[in-house]
Amino acid sequence: MSVELSEHTKLWKQKNQRYYGGGVETMAAAMKTPFRDRVELFTNKDVLKDHYEPEEILERDEEIDQYANALQDVVDGWEPDNVFVYGKTGVGKTAVTRYMMDALEFEAEEREGVDDVVSVEVNCHHHPSSYQAAIALVNELRSDTDRDPLTTGLSTSDVLNALFDEIEAREGTVLIVLDEIDNLGDDDMLLYQLPRAKTNGNIEDSQVAVVGISNDYTFRNDLSPKVQDTLCEREIKFPPYDANELVTILTDRAERGLRGDVLEDGVIPQCAALAARDRGSARQAIDLLREAVNVAVEDGREVVSEEDVDTAVERVERGRIKDSIKDLTTHGQYVLLAVTEMAVSGETPARAKELYGVYEEVAAEYASEPLSQRSVHDHLNDLSMLGFLRQHDRNYGRGGGQFFEYELDVDAQMVEEAMADETE
DNA sequence: GATCCACAGGAAATAGTGGCTT
DNA sequence: AAGCCACTATTTCCTGTGGATC
2 MSVELSEHTK LWKQKNQRYY GGGVETMAAA MKTPFRDRVE LFTNKDVLKD HYEPEEILER
62 DEEIDQYANA LQDVVDGWEP DNVFVYGKTG VGKTAVTRYM MDALEFEAEE REGVDDVVSV
122 EVNCHHHPSS YQAAIALVNE LRSDTDRDPL TTGLSTSDVL NALFDEIEAR EGTVLIVLDE
182 IDNLGDDDML LYQLPRAKTN GNIEDSQVAV VGISNDYTFR NDLSPKVQDT LCEREIKFPP
242 YDANELVTIL TDRAERGLRG DVLEDGVIPQ CAALAARDRG SARQAIDLLR EAVNVAVEDG
302 REVVSEEDVD TAVERVERGR IKDSIKDLTT HGQYVLLAVT EMAVSGETPA RAKELYGVYE
362 EVAAEYASEP LSQRSVHDHL NDLSMLGFLR QHDRNYGRGG GQFFEYELDV DAQMVEEAMA
422 DETE
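The numbering of the first sequence is our numbering, which starts it at 2 and goes up by one.
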């Protein structure tokens with residue numbers, strides 16, 4: 002009986018034969034490794050990664066002007082306005098804000114008679130309540146001193162007082178940047194307290210301004226009116242990038258991060274067009290470009306073609322789904338699986354009641370007590386918000402009543418793959 | 001125009017986690 | 001160790017709602 006040997010097993014056997022057969026001196030010389038020679042297309046990989054911060058901001062001149070206008074008071078030595086920045090993900094809000102903060106700190110240093118400026122940034126995605134964000138702010142402010150960081154367990158007022166103390170100790174202008182501020186939901190406490198710290202006498206020697214960054218414009222309307230007025234003294238809107246702007250950005254990144262001759266002419270325009278049509282996000286466009294290059298590299302080719310972009314689209318989408326599935330609670334995942342199962346057997350759109358039955362089976366498969374219907378409702382709602390599901394409002398009146406039907410809004414196969422990795 | 005279906009989703013209560021203070 | 005405190009995920013109970021039907 003003969004077994005078909007894999008490519009790598011054959012190589013391994015050959016190596017052993019050559020070495021133990023005495024043909025070569027060392028193991029290394031006999032070795033033919035599974036690693037291939039491949040041509041390096043990147044000159045700097047970081048430039049195309051998510052966390053890369055561009056040193057130059059492109060195609061956002063108008064927004065930078067508006068920003069500078071809003072913060073001019075700081076440079077002139079006045080109490081600054083609070084700023085509310087909004088726009089979808091990947092349109093440069095955070096990058097421009099960081100750039101402005103650096104510029105501001107520098108400018109304040111240069112000018113005579115202007116107080117020092119300090120900026121602290123906290124991402125509310127990781128600290129999704131006023132309380133937690135306040136703690137993070139204190140720790141951020143303490144990070145360049147030798148004071149111990151705060152942990153949870155303190156009462157709200159203790160945390161606030163600690164925060165005011167830190168701000169006061171700076172004796173200058175403190176700009177508090179709250180990124181992804183919509184994650185605070187309707188928890189106003191911090192947003193209410195900070196702008197009023199001065200009038201309430203919590204702070205005397207320093208000045209505070211809040212810069213709120215939000216993906217979601219409706220967040221502004223959810224705030225209580227009092228907070229809305231103070232927080233949104235200045236509003237700066239970041240529109241999505243159009244295809245031309247994305248071409249500029251991608252061209253710049255390609256020049257910094259790739260060898261000169263690796264992209265076919267159509268690649269950058271195609272990435273730009275796809276991203277512009279979808280969300281107008283620079284991050285998305287750059288992800289596409291990077292993955293397209295990776296596809297070519299893995300294939301051992303030296304030139305990136307437009308077909309590689311098509312493959313990249315699928316990969317990026319898959320990665321996105323995988324990441325957000327990871328963030329779901331286990332029961333959120335089961336509910337999603339239930340919908341996926343029904344979608345595969347062609348039973349969607351389905352109403353919550355039907356889905357609940359399938360969900361119970363899924364939970365049983367994972368030896369988990371099923372949650373109540375009410376909770377599954379909430380999970381279905383969450384999944385719709387996150388873009389996994391689409392909700393259809395149905396109303397058949399007296400005979401049928403009002404209810405929702407749900408269907409999958411992403412590729413069923415991708416969900417199954419991602420879930421398989423997740424629950425292994 | 002009143003009625004009523006079949007839910008959606010709000011409110012309050014509960015259980016459980018993790019960490020600080022005394 | 002006991003007592004707080006904040007926070008999350010969940011359950012139970014219950015009110016609200018749009019529009020087809022009476």
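Every residue, glycine too, gets a C-beta built ideally from N, C-alpha and C.
Original post:
Is the CB-CB distance between ARG284 and ALA313 below 9 Å?
Top reply: no
Original post:
Taking the C-alpha atoms as reference points, what is the distance between LEU409 and ILE287?
Top reply: The alpha-carbon atoms of LEU409 and ILE287 are separated by roughly 27 Å.
Original post:
Apart from the five residues just before and just after THR98, which ones in its own chain have a Cβ nearer than 7 Å to its Cβ?
Top reply: VAL86, VAL178, VAL212, ILE214
Original post:
Which residue comes first and which comes last in the alpha helix (DSSP H) that contains HIS380?
Top reply: 374 to 386
Original post:
Which of helix, strand or coil does DSSP assign to ARG391?
Top reply: strand
Subject >> Between the CA atoms of ASP383 and SER131 - distance to the nearest angstrom >> reply: Each residue's alpha carbon lies about 22 Å from the other.
Subject >> Proximity below 9 Å, CB of VAL305 to CB of LEU289 >> reply: no
Subject >> ALA274 versus ILE250: straight-line alpha-carbon distance, rounded >> reply: 13 Å
**OP:** Assign ASN83 to one of two classes, buried (16 or more other C-beta atoms within 10 Å of its C-beta) or exposed (fewer than that).
**Re:** buried
Subject >> Residue environment, PRO350, which counts as buried when at least 16 other CB atoms sit within 10 Å >> reply: buried
Subject >> Sequence ranges, alpha helix (DSSP H) only - wholly within the region 271 to 318, length at least 4 >> reply: 283 to 299
Subject >> Limits of the beta strand (DSSP E) - the one that ALA198 falls within >> reply: First-last for ALA198: undefined, no H or E at that position.
**OP:** May I ask you to list the residues that DSSP assigns as paired with GLN208?
**Re:** Per DSSP, THR174.
**OP:** List the residues that DSSP assigns as beta-bridge partners of GLN403.
**Re:** Paired residue(s): ASN396.
Original post:
Roughly how many whole angstroms lie between the Cα atoms of LEU338 and HIS393?
Top reply: 19 Å
Original post:
Between the Cα of VAL115 and the Cα atoms of GLY78, LEU356, LYS89, which residue gives the shortest distance?
Top reply: It is GLY78.
Original post:
When the Cα atoms are used, what is the spatial distance from SER144 to LYS11?
Top reply: 55 Å
Original post:
Who does ALA351 pair with in a DSSP beta bridge?
Top reply: TYR407
**OP:** Return the bridge partner residues of SER120 from the DSSP annotation.
**Re:** Looking at the DSSP assignment, SER120 forms a beta bridge with LEU176.
Original post:
Considering only residues of the same chain and omitting the five flanking positions on each side of ASP279, which have a CB-CB separation below 8 Å?
Top reply: GLN285
**OP:** Identify, in the order they occur along the chain, each residue of the same chain with its Cβ nearer than 7 Å to the Cβ of THR95, setting aside the five sequence neighbours on each side.
**Re:** Cβ contact annotation for THR95 (same chain, cutoff 7 Å, sequence separation greater than five): ASP180, ILE214, in chain order.
Original post:
How many Å lie between LEU329 and VAL340 at the Cα?
Top reply: 15 Å
Subject >> ILE58 in three-state terms, based on DSSP >> reply: coil
Original post:
Buried or exposed: which applies to ASP183, given that a residue is buried once 16 or more other Cβ atoms fall within 10 Å of its Cβ?
Top reply: buried
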